[in-house]
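**Student:**
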Amino acid sequence: MTVDQDRLMAFLGQFVGDLGATIAAGSVVIGDRLGLYRALGEGPATAHELAGRTQTDARYVTEWLRGQAAGGYVMYDADSDSYSLTEEQAFALTNPDGPLYL
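Here the working numbering runs 857 ahead of the position in the sequence shown, where the first position is 1.
Next up, the structure:
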């Protein structure tokens, strides 16, 4: 078998991108179903504060927030150890009746 390195690298790039999108989609569904985005849309919060707002476990919320921040879905402020949504993120992630709700 002869493998074309350029085609192989193109396929692997597509695969990694698709895998990342799949993982991100699952996290978005979790955030939506648990009301994490809507609660964060009320204002910045630490992981413990957001867990309190949503009556969820702080440990899991911490992991979720870290993943969301790494993916660019929420903003992180290291000085206050808090997370927030930009206006654009909130527009797309918190209003189910909005024209661009994801």
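All C-beta atoms, glycine included, are put in the ideal place defined by N, C-alpha and C.
1) Under 7 Å between the Cβ atoms of Gly898 and Ala947?
2) Tell me the DSSP secondary structure of Asp934 in three-state form.
3) Between which two residues does the alpha helix (DSSP H) holding Leu869 run?
4) Using DSSP bridges, identify the partner residues of Tyr940.
5) Taking the alpha-carbon positions, what's the Ala881 to Gly929 distance?
6) In terms of residues, what are the limits of the alpha helix (DSSP H) holding Gln925?
**Tutor:** Quick answer:
1) Yes, they are a contact pair.
2) The answer is strand: DSSP assigns Asp934 an E or B state.
3) The continuous alpha helix (DSSP H) containing Leu869 extends over residues 862-890.
4) Ala902, Tyr933
5) 10 Å
6) Membership of Gln925 in the alpha helix (DSSP H) is indicated by the continuous run 915-928.
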